[in-house]
Amino acid sequence: MPGIPAELTIGELSERSGVPASTLRFYERLGLIRSRRTTGNQRRYEQAVLRHVAFIRASQSVGIPLAKIGEVLAFLPQGQAPTPQFWARASQCWGEEIDARIAAMRRTRDQFTRCAGCGCLSFDDCGLVA
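Listed below in structure tokens is the structure:
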């Protein structure tokens, strides 16, 4: 059985992470992940980039903007995968922001529920929306 390659092509990274190659190139343009180029100008990614991509996707899934994700990833040394301690610090940093987003979404849900039950026929007439 062949060993795990030290580096991944963009196709391998895409397959293993479940993220389209176009998205990986976008992340690279934003500086969220890095690759080196071969003499044939092909991208090669270190194994640690798999964990970076997982971190990016998990952060996006809770509404963290890519710019903020990049600020946090900048603290990781090149070639190092996020550790459990790193994940915990990121979670702590973003905890208040996530809580605020949850509160705003609950307010929106509650307003929608009130609006759906108010009986007015127009947003112009609705005192809940104004």
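Be aware that the sequence shown starts at 1, since it is given in UniProt numbering, and climbs by one per residue.
Cβ coordinates follow ideal geometry from the N, Cα and C atoms, glycine included.
Computed from a predicted model, the values in this text were never measured in an experiment.
Return the residue from the list V62, A48, L50 that minimises the CA-CA distance to E96.
V62
Consult DSSP for R34 and reduce its assignment to one of helix, strand or coil.
Three-state result, R34: coil.
May I ask which residues mark the beginning and end of the alpha helix (DSSP H) holding I102?
Looking at the DSSP string, the run of the alpha helix (DSSP H) that includes I102 is 84–116.
Shortest alpha-carbon distance to F55 belongs to which of R43, L8, E28, L32?
Taking only the C-alpha atoms, the option nearest F55 is L32.
Using 8 Å for Cβ pairs, my map puts A48 next to A81. What's the rounded Cβ distance?
Rounded to the nearest angstrom, the Cβ distance from A48 to A81 is 4 Å, consistent with a contact under 8 Å.
Measuring alpha carbon to alpha carbon, tell me which residue in Y27, R37, E12 is nearest I69.
Y27
Count the other CB atoms within 10 Å of the CB of S91; is the residue buried (16 or more) or exposed (fewer)?
Residue environment for S91: exposed (fewer than 16 other C-beta atoms within 10 angstroms of its C-beta).
State yes or no: is the C-beta of T108 nearer than 6 Å to some heavy atom of the ligand HEM?
The ligand HEM is not part of this structure, which contains no ligands at all.
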